[in-house]
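Numbering (this note's numbering), first residue to last: 275 to 1039. Working notes, beginning with the structure itself.
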Ligand code: ADP
Ligand code: ZN
Ligand code: ZN
């Protein structure tokens, strides 16, 4: 075949991970570098021709070489750099390779996921002309006054203020036009350079700069231990500290050390737009340092600006949610990585690449050769196992709250018993105990948080006739639908599927037997209704707020709500897990969990662990002021260890019980799991694909791996596609990885639209 571009000669070859590329080329596709792109480096983004039609596609260069084993005449040329000037540092490319391997995701897609869309699209970037003094002015030359004024204005600037932007110089020299400056440039008496910056209006503010005078002995001990590892390469630490025990204070002191040593600290928090207080506190305590914040609540230009700040080495601290682990810190600069609330489910990405932010953070710390701290009041059992049973992590414990603070009293109440105590036939979501406590807290001036992990009004719409048994389900998914009230609609409400978000009208009668349908079950709207009935002094929107994704539109409305709560205007906040995380308001004296069982009954081996975490975390939101806190937990299962032990603040005991069950059942952390979900619009085809996959995997498996399935997923149909799952359980990570790798190279596993591969899955639905 003749050369595609006979007139060009290649300066070398680049392996490009094409974003839209398939999974077959883990090392990227080979392209030739044209002479005009001689300065291309790995990590840069380029446009390349792809496929038969040579359509233009974006990708990232992962390596560059002089030679190639391929036929040079058949190699296509890179078309050019893409619109962004983004360049990934080498350790991120290394990290992408690891993620692509470990989580079975195509390399191009993985690299693309590392860059925020705003960076790729170069949003907010502007190019400025910067000017400085050029050649010295020859003595014999007499300049016109305006040109002279320009040179004098420049010369009078201190060196750190130069070069200066064109418009600023014009103003400084009192000019109306650019022409004197242009003359000077022509005569080389001025130098010019183009500088590209990202501009964004920025509103981040400190919420708190309180610094305790002294640390507790335990805090100091832990800090000393971790400081002694700071320059010693990779090490991993688990900081288990009850809520309010001063973990954040430890992070802050360590970050101070890291900055003093001229390095950058990277701190991950769960979905930070939901935990704005941590950001405000870091900014407050590091007022003289540059804190870069990376999260989904920023505008595109802000995100790009923060990314560029990090890439230019300008950030001392980087704070962000899961994807901040891909912050482009220049090589060798990371001194410490912190993963706060390491147990949190939001660290796991639920789309490909399905990585776990905590585990990627560990890998990044290894590549950076720095310590990593995982912190939590309720460590994941994986991390606890690594810290206690196999000694992979150093364990540090803070088992008391910070000086002056006490852990709240947690009372577990039996929902069934409470319901009977009301002596009427109405449905009460607030039992007498919780109702009484709300009344007393309002009277004595305290604030209240109420948690119910389910939005809407009622999560069952059904026929009241038990022999009929009709329950309303989604037309597109095998799940029940949720009734939402709405004042906007003439019908008073609508029915929504919480999985595909399809909305329908509420049917007036049962389609099978024409009975009038009833709605029952729990939802935040219904609790809100009951509260306004029982406590008329609370006015929705003024002294009471409901916080869920129906009432909150974006990070801003949530931040505003928190601000009003912080000021004390709002007395009671009712919400989904949005209010269970990280909030620190000293006025909160009562926390109520409407129903602790929402997570307990899910078909997931982590159901008990989740329930323990939820109850402990939400109870931890109270008693952070000078008054003691009370948490009331309503449940139909008062005896289960997850609830009983969370109430007793007995994490270690819970971990021991739960781990022994996991060991008996050979579940993670005592094994490693991968879950492969196949999806198809046709049920029979879906089952056939699942069978073929399971058989293929069984033919490759050895004694250390067990294949389960195919079986329908707990949600067997989602958005009109049937779902079958195949699970791999392996005795350890390397056994799992070797099976996945052979299945992948044999073409059995093809991650894509019809097959989702989830390594170390955290949800099993
Ligand atoms: P955690 O991160 O474990 O929830 P924090 O670091 O937020 O705990 O500490 C809880 C509260 O106690 C904060 O208001 C913090 O300023 C305060 N605090 C932390 N350490 C001390 C200390 N040594 N002395 C006094 N107050 C402290
Ligand atoms: Zn649906
Ligand atoms: Zn019926």
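All C-beta atoms, glycine included, are put in the ideal place defined by N, C-alpha and C.
Does ligand 2 have a heavy atom nearer than 8 angstroms to the CB of residue i?
| i | result |
| --- | --- |
| residue 652 | no |
| residue 756 | no |
Restricting to Cα atoms, I'd like to know which of the options is closest to residue i.
| i | options | result |
| --- | --- | --- |
| residue 519 | 490, 537, 773, 539 | 490 |
| residue 754 | 991, 677, 693, 799 | 991 |
| residue 611 | 657, 539, 556, 893 | 539 |
| residue 527 | 465, 936, 591 | 591 |
| residue 862 | 372, 488, 689, 712 | 712 |
| residue 448 | 425, 921, 469 | 425 |
| residue 589 | 1033, 557, 810 | 557 |
| residue 397 | 773, 580, 605, 783 | 580 |
| residue 356 | 363, 322, 340, 901 | 322 |
| residue 934 | 883, 630, 978 | 883 |
| residue 954 | 777, 1026, 912 | 1026 |
Locate the alpha helix (DSSP H) running through residue i, then write down its first and last residues.
| i | result |
| --- | --- |
| residue 509 | From DSSP, residue 509 is part of no alpha helix (DSSP H) but of the beta strand (DSSP E) over 509–515. |
| residue 1009 | 1007–1019 |
| residue 580 | 574–585 |
| residue 378 | Taken as a continuous stretch (DSSP letters only), residue 378 belongs to no alpha helix (DSSP H), as it is neither H nor E. |
| residue 630 | No alpha helix (DSSP H) holds residue 630; DSSP gives it neither H nor E. |
| residue 496 | 491–501 |
| residue 884 | 881–893 |
| residue 659 | 655–662 |
| residue 798 | 798–808 |
| residue 420 | 419–429 |
| residue 393 | 391–394 |
| residue 830 | 828–841 |
| residue 987 | Where residue 987 is concerned, there is no enclosing alpha helix (DSSP H), although the beta strand (DSSP E) it sits in stretches over 979–992. |
| residue 936 | 925–939 |
| residue 313 | No alpha helix (DSSP H) contains residue 313, which DSSP labels as neither H nor E. |
Can you tell me where the beta strand (DSSP E) holding residue i begins and where it ends?
| i | result |
| --- | --- |
| residue 525 | Element bounds for residue 525: not the beta strand (DSSP E) but the alpha helix (DSSP H), 521–534. |
| residue 1028 | No beta strand (DSSP E) contains residue 1028, which DSSP labels as neither H nor E. |
| residue 647 | 645–650 |
| residue 707 | Segment 706–717 is the alpha helix (DSSP H) holding residue 707; no beta strand (DSSP E) there. |
| residue 570 | Segment: none, residue 570 is in no beta strand (DSSP E) and carries neither H nor E. |
| residue 334 | 329–339 |
| residue 968 | From DSSP, residue 968 is part of no beta strand (DSSP E) but of the alpha helix (DSSP H) over 957–974. |
| residue 538 | 538–542 |
| residue 725 | 721–725 |
| residue 399 | 399–407 |
| residue 608 | 608–614 |
Give me the Cα-Cα distance between residue i and residue j, rounded to the nearest whole angstrom.
| i | j | result |
| --- | --- | --- |
| residue 879 | residue 676 | 34 angstroms |
| residue 510 | residue 637 | 11 angstroms |
| residue 502 | residue 598 | 26 angstroms |
| residue 330 | residue 759 | 48 angstroms |
| residue 346 | residue 668 | 52 angstroms |
| residue 484 | residue 559 | 8 angstroms |
| residue 593 | residue 572 | 13 angstroms |
| residue 1045 | residue 1022 | Because the chain in this structure spans residues 275 to 1039, residue 1045 falls outside the shown range and cannot be described. |
| residue 950 | residue 983 | 10 angstroms |
| residue 476 | residue 583 | Summary for residue 476: the model assigns pLDDT 49, below 50, so the residue's position carries little reliability; its value from the coordinates is reported in the next sentence. Computed Cα separation, rounded: 13 angstroms. |
| residue 775 | residue 466 | 55 angstroms |
| residue 1037 | residue 786 | 34 angstroms |
| residue 957 | residue 635 | 39 angstroms |
| residue 291 | residue 968 | 30 angstroms |
| residue 1003 | residue 947 | 5 angstroms |
| residue 702 | residue 815 | 23 angstroms |
Is the closest heavy atom of ligand 1 to the C-beta of residue i under 8 angstroms?
| i | result |
| --- | --- |
| residue 543 | no |
| residue 486 | yes |
| residue 407 | no |
| residue 675 | yes |
| residue 493 | yes |
| residue 612 | no |
| residue 522 | yes |
| residue 489 | yes |
| residue 898 | yes |
| residue 516 | yes |
| residue 858 | yes |
| residue 723 | no |
What I want to know is whether the C-beta of residue i ends up closer than 8 angstroms to one or more non-hydrogen atoms of ligand 5.
| i | result |
| --- | --- |
| residue 431 | Ligand 5 is not among the ligands present in this structure, which contains only ligand 1, ligand 2 and ligand 3. |
Query raised in the report: In chain order, what are the residues with a CB under 6 angstroms from some non-hydrogen atom of ligand 2?
Result: 748, 750, 751, 771, 773, 774, 776
Query raised in the report: Going along the chain, which residues put their C-beta within less than 6 angstroms of some heavy atom in ligand 3?
Result: Here the residues come out as 737, 739, 742, 744, 784, 786, 787, 789.
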